[in-house]
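Numbering (the numbering used here), first residue to last: 170 to 342. All C-beta atoms in this analysis are idealised placements derived from N, C-alpha and C, irrespective of residue type, glycine included. From a predicted model like this one, the values you see are computed outputs, not experimental measurements. Report on one structure; see the data block that follows.
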């Protein structure tokens, strides 16, 4: 298993994993699923070296993106020095390997390298199993609220209750 930056050669597989994740969401949590994401968004992330992957036996096992700002979602907390994890999508052939915990381990080092004090993520809908899963991976559950202004965000944020998660790195040192 290795973690590395995704490349443009991974683009089709990234979108295939997004579609697989959406299928899984329809079964496990039909109240809220991912929309189709913009190719331009993912290409920009690839160009900025903010798309990552777990590779096992030369296959993409999991992908995710990182941002350094997320003002539309985190609002006033966006001024904190944080990284934000987005769109964690697991290859169905590799489910059950607790990739979120592996990503958290990687993100701790990544955040420190970029002088950040927090690792954050969010998810739409009151998905109790996902809340528990993120908690087991080390995230503190900060609560649920609707966003003030979801314009400009992907469609699944509109009128959704958003769950907020955070790991404070300074508490660990």
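Contact annotation, residue 175 with residue 232: C-beta distance approximately 6 angstroms; criterion of less than 8 angstroms satisfied. In its chain, beyond the 5 residues on either side, 234 have a beta carbon closer than 6 angstroms to the beta carbon of residue 255. The beta carbons of residue 317 and residue 245 sit about 10 angstroms from each other, so the pair does not count as a contact at 8 angstroms. In terms of Cβ geometry, residue 306 and residue 273 form a close pair [threshold 8 angstroms].
When DSSP states are grouped into helix, strand and coil, residue 275 belongs to the helix group. A direct Cα-to-Cα measurement between residue 195 and residue 290 gives close to 21 angstroms.
Sequence-distant partners of residue 260 (beyond 5 residues in either direction) whose C-beta falls short of 8 angstroms from its own C-beta, in its chain, are 186, 189, 228, 229, 230 and 231.
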